[in-house]
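Each remark here refers to the structure printed beneath this line.
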Amino acid sequence: MNTDQMFFNKRNAQSNRAKLRTEKVNLYYGDFQALRDISLEIPGRAITAVIGPSGCGKSSFLRLFNRMNDLIPGARVEGHVEIDGVPIYDSSIDVVELRKMVGMVFQKPNPFPMSVFENVAFGPRRHGIKNRIELEDIVERALHRAVLWEEVKDKLDQSAFALSGGQQQRLCIARVLAVEPEVILMDEPCSALDPVATLKIEDLMRSLAENYTIVIVTHNMQQAARVSDMAAFLMMEEDRAGVLVEYGVTSQIFTKPKDKRTEDYITGRFG
Amino acid sequence: MRTRAIVSRQLSQRVAFGLLVLATIIVVVPALLIILKIVISGAGTIGWEFLTQPPSQAGKAGGIFPAIVGTFYLMLGTFVFSLPIGVMAGIYLAEYAPRNWLTRAINMAIINLAGVPSIVYGLFGLGVFVLALNLGMSLLAATLTLACQALAMTITTSREAILAVPREYREGSLAIGATKWQTVRHLILPQARPGIITGAVLAMSRAAGETAPILVVGAAFLMRGLPQSPSDQFMALAYHLYTVAAHVPGMPKDTIWAVALVLLVVVLSFNVLATIIRLRTRQRRYG
Numbered sequence: 001m002n003t004d005q006m007f008f009n010k011r012n013a014q015s016n017r018a019k020l021r022t023e024k025v026n027l028y029y030g031d032f033q034a035l036r037d038i039s040l041e042i043p044g045r046a047i048t049a050v051i052g053p054s055g056c057g058k059s060s061f062l063r064l065f066n067r068m069n070d071l072i073p074g075a076r077v078e079g080h081v082e083i084d085g086v087p088i089y090d091s092s093i094d095v096v097e098l099r100k101m102v103g104m105v106f107q108k109p110n111p112f113p114m115s116v117f118e119n120v121a122f123g124p125r126r127h128g129i130k131n132r133i134e135l136e137d138i139v140e141r142a143l144h145r146a147v148l149w150e151e152v153k154d155k156l157d158q159s160a161f162a163l164s165g166g167q168q169q170r171l172c173i174a175r176v177l178a179v180e181p182e183v184i185l186m187d188e189p190c191s192a193l194d195p196v197a198t199l200k201i202e203d204l205m206r207s208l209a210e211n212y213t214i215v216i217v218t219h220n221m222q223q224a225a226r227v228s229d230m231a232a233f234l235m236m237e238e239d240r241a242g243v244l245v246e247y248g249v250t251s252q253i254f255t256k257p258k259d260k261r262t263e264d265y266i267t268g269r270f271g
Numbered sequence: 272m273r274t275r276a277i278v279s280r281q282l283s284q285r286v287a288f289g290l291l292v293l294a295t296i297i298v299v300v301p302a303l304l305i306i307l308k309i310v311i312s313g314a315g316t317i318g319w320e321f322l323t324q325p326p327s328q329a330g331k332a333g334g335i336f337p338a339i340v341g342t343f344y345l346m347l348g349t350f351v352f353s354l355p356i357g358v359m360a361g362i363y364l365a366e367y368a369p370r371n372w373l374t375r376a377i378n379m380a381i382i383n384l385a386g387v388p389s390i391v392y393g394l395f396g397l398g399v400f401v402l403a404l405n406l407g408m409s410l411l412a413a414t415l416t417l418a419c420q421a422l423a424m425t426i427t428t429s430r431e432a433i434l435a436v437p438r439e440y441r442e443g444s445l446a447i448g449a450t451k452w453q454t455v456r457h458l459i460l461p462q463a464r465p466g467i468i469t470g471a472v473l474a475m476s477r478a479a480g481e482t483a484p485i486l487v488v489g490a491a492f493l494m495r496g497l498p499q500s501p502s503d504q505f506m507a508l509a510y511h512l513y514t515v516a517a518h519v520p521g522m523p524k525d526t527i528w529a530v531a532l533v534l535l536v537v538v539l540s541f542n543v544l545a546t547i548i549r550l551r552t553r554q555r556r557y558g
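The listed protein sequences correspond, in order, to chains A and B.
Going by the working numbering, the first sequence wraps up at 271, each residue one higher than the last.
Going by the working numbering, the second sequence wraps up at 558, each residue one higher than the last.
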């Protein structure tokens, strides 16, 4: 067992309990089944990578946890999805509150058409914070945590579109951090970025993992190997429904995969 | 063989290009000629008195001031009544309405409403506003009638402006726990605003040019003064033009052209305004 893994196990033992849990989850879009029988437990304050070929349902899986699939007409979830043991598809759950707790970063940086400041303040404002000083404080803290403050502190009033792609993506991360989430879902956050910007986001993810539970969907095997503590490998079955093939500690998945299909995928034999 | 094929391809390319140019000329030239004729014949009559005095001698002398004011009242009323309802309906149809056959049917019906002949709106206004609601032949009844007609356009343009806002913004906002209404109110509407306003301004300028609907709900041919309240009758440029052109014997021709020119300037200036609003916001967004 390498030191990374020991560190991870120790840290995981402290929280002990899974932050996110799915049990026998099926997801349907109308008649089409996108996910089949997915059961896994995602540890808190760690990075879990979801990998697999295109169209295997990685994004759909990610969107289970903030119920973004709800926005798609005809989407239906069976089984249990829990955060801290609370079933989030229960009728008593307020989706707005859930999404405050479970932030999301998208594939393409999607800053809003407004200033850098207003982008980060957007969430807090919607959640009722009006005091300017308080907002400034939140924005500065969020930008610090997203390691963007030094680059944008002099252009807070400029349009967010003036930033580079990598800066825009970190701005989107800051926008999520500003509403104080506990979980951050990232849907291929680096696929639109160059290698340098990608490394910056990866560094940022590592530092965020100290305080947040991160689940990242990625196409990039090296990225999954570099940043994640745990890795889940999803694949399509013949009817195109996504199934969980293998799930475990990242170093084990990448060095000693138990399933032949996982090995084939990570060694680049298909996908 | 090969060269012949190339030659014939180039020939057909030229023929097609020529036909397209011809079609454009056929569309543009008559419009320019009409505008030119109106300007040349009408400009001489237009002066301070014409623009600021009430008509006399059945419109043969004096000016068209009450008609200009009446037209602006109609435009303003159309804007005020149709914009809020149009925007709200547009928001509902774009953001909230379930995507089913009923919504599709409603969308189709609204688009088709824009094609209903305007005199039908006039009769609707006569039946509903003038008679049933007892508003009488009045400015209020006329603006409400024109607003109903404008609704088809304001709803459609609002809906389209809202749908044109990228999905990524909606997702980004919902994903940080904003409610749907907050997303609409603070993110989507500001983005859609130029498109919505443009549609409303165009609907206004169309209202300024309407004759048939106001004919039956309260337009007056001759008024010395301005309407004092929304329940008064009113003059309007388009209706005035129709009457002096068709119903006043011995009307000086140049006066008719002059009325047409004023109406044209009013309508075109609002169209230009709409274009400026659209272009300016486009620059700001991408510049």
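The beta carbon of each residue, even a glycine, is placed where N, CA and C say it ideally should be.
Strictly under 8 Å for the Cβ-Cβ distance: is residue i near chain B by that measure?
i              : result
K260 (chain A) : no
R126 (chain A) : yes
F112 (chain A) : yes
K155 (chain A) : no
M186 (chain A) : no
M104 (chain A) : yes
K100 (chain A) : yes
P73 (chain A)  : yes
V274 (chain A) : Nothing in the structure corresponds to residue 274 (chain A), since chain A is present only between 1 and 271.
Counting only C-beta atoms, is residue i closer than 8 Å to chain A at any point?
i              : result
T450 (chain B) : yes
Y363 (chain B) : no
I311 (chain B) : no
L445 (chain B) : yes
L458 (chain B) : yes
R370 (chain B) : yes
Y440 (chain B) : yes
Q462 (chain B) : yes
If you draw a straight line from the C-alpha of residue i to the C-alpha of residue j, how long is it?
i              : j              : result
S15 (chain A)  : V102 (chain A) : With a pLDDT of 49 at S15 (chain A), under the threshold of 50, the modelled position of that residue is not reliable, and no figure is offered here.
A162 (chain A) : M230 (chain A) : 36 Å
L64 (chain A)  : D70 (chain A)  : 9 Å
L512 (chain B) : V436 (chain B) : 42 Å
A287 (chain A) : L35 (chain A)  : Lying before the first or after the last residue shown, residue 287 (chain A) is absent from chain A, which here runs from 1 to 271.
S327 (chain B) : E320 (chain B) : 12 Å
M1 (chain A)   : I266 (chain A) : With a pLDDT of only 43 at M1 (chain A), under the threshold of 50, the placement of this residue in the model should not be trusted, and no figure is reported.
R67 (chain A)  : T546 (chain B) : 41 Å
V86 (chain A)  : E182 (chain A) : 14 Å
V543 (chain B) : G466 (chain B) : 14 Å
G128 (chain A) : E180 (chain A) : 14 Å
F7 (chain A)   : E439 (chain B) : Summary for F7 (chain A): the model assigns pLDDT 49, below 50, so the residue's position carries little reliability, and this model does not support an answer.
F288 (chain B) : F352 (chain B) : 46 Å
L564 (chain B) : A302 (chain B) : Residue coverage of chain B in this structure runs from 272 to 558, which leaves residue 564 (chain B) outside it and unanswerable.
A516 (chain B) : I527 (chain B) : 6 Å
H144 (chain A) : H457 (chain B) : 25 Å
S279 (chain B) : A529 (chain B) : 52 Å
Quick check on DSSP: helix, strand or coil for residue i?
i              : result
R280 (chain B) : helix
R11 (chain A)  : Bear in mind that the predicted position of R11 (chain A) carries a pLDDT of just 49, short of 50, making it unreliable; the figure below should be weighed with that in mind. Of the three classes helix, strand and coil, the one that applies to R11 (chain A) here is helix, per DSSP.
A162 (chain A) : helix
I426 (chain B) : helix
T22 (chain A)  : strand
S327 (chain B) : strand
R495 (chain B) : coil
V543 (chain B) : helix
M6 (chain A)   : Any reading at M6 (chain A) must be qualified, since the residue scores a pLDDT of 48, below 50, and its modelled position is unreliable; no value is offered.
H80 (chain A)  : strand
V105 (chain A) : strand
E246 (chain A) : strand
F122 (chain A) : helix
Y367 (chain B) : helix
Closer than 7 Å: is that where the CB of residue i sits relative to any heavy atom of the ligand HEM?
i             : result
L62 (chain A) : The model on display carries no ligand, and the ligand HEM is accordingly not part of it.
### Query
Along the stretch 83–97 of chain A, what residues have a CB closer than 9 Å to any CB found in chain B?
V95, V96 and E97
### Task
Determine contact between the stretch 319–338 of chain B and the stretch 512–523 of chain B, defined as no fewer than three beta-carbon pairs at a distance below 8 Å.
Contact between the stretch 319–338 of chain B and the stretch 512–523 of chain B is present: 3 or more CB-CB pairs across the two stretches fall below 8 Å.
#### Entry: Inter-stretch contact (C-beta, 8 Å, three-pair minimum) for the stretch 115–130 of chain A and the stretch 185–198 of chain A
no
### Query
Touch check for the stretch 168–183 of chain A and the stretch 141–149 of chain A: three-plus C-beta pairs under 8 Å?
yes
### Message
Is it the case that the stretch 425–439 of chain B contacts the stretch 49–60 of chain A, given that we only count it when at least three CB pairs across the two stretches are under 8 Å?
### Response
no
### Query
Given 8 Å as the limit, is there contact between the stretch 239–255 of chain A and the stretch 77–94 of chain A, that is, 3 or more CB pairs closer than that?
no
### Query
Hey, is the stretch 480–489 of chain B in contact with the stretch 499–513 of chain B, meaning 3+ C-beta pairs nearer than 8 Å?
yes
### Query
On the three-pair Cβ rule with 8 Å, is the stretch 377–385 of chain B touching the stretch 476–483 of chain B?
no
### Query
Listed in chain order, which residues of the stretch 56–68 of chain A have Cβ atoms closer than 9 Å to some Cβ of chain B?
N66 and M68
### Any 3 or more C-beta pairs closer than 8 Å across the stretch 53–62 of chain A and the stretch 17–36 of chain A
Contact between the stretch 53–62 of chain A and the stretch 17–36 of chain A is present, because at least three Cβ pairs lie under 8 Å.
### Task
Report yes or no: do three or more beta-carbon pairs, one from the stretch 366–375 of chain B and one from the stretch 388–405 of chain B, lie closer than 8 Å?
No: fewer than three Cβ pairs fall under 8 Å.
### Task
Count the CB pairs spanning the stretch 202–221 of chain A and the stretch 130–142 of chain A that are closer than 8 Å, and state whether there are at least three.
no
#### Entry: the stretch 361–370 of chain B touching the stretch 343–350 of chain B, judged by at least three CB pairs closer than 8 Å
no
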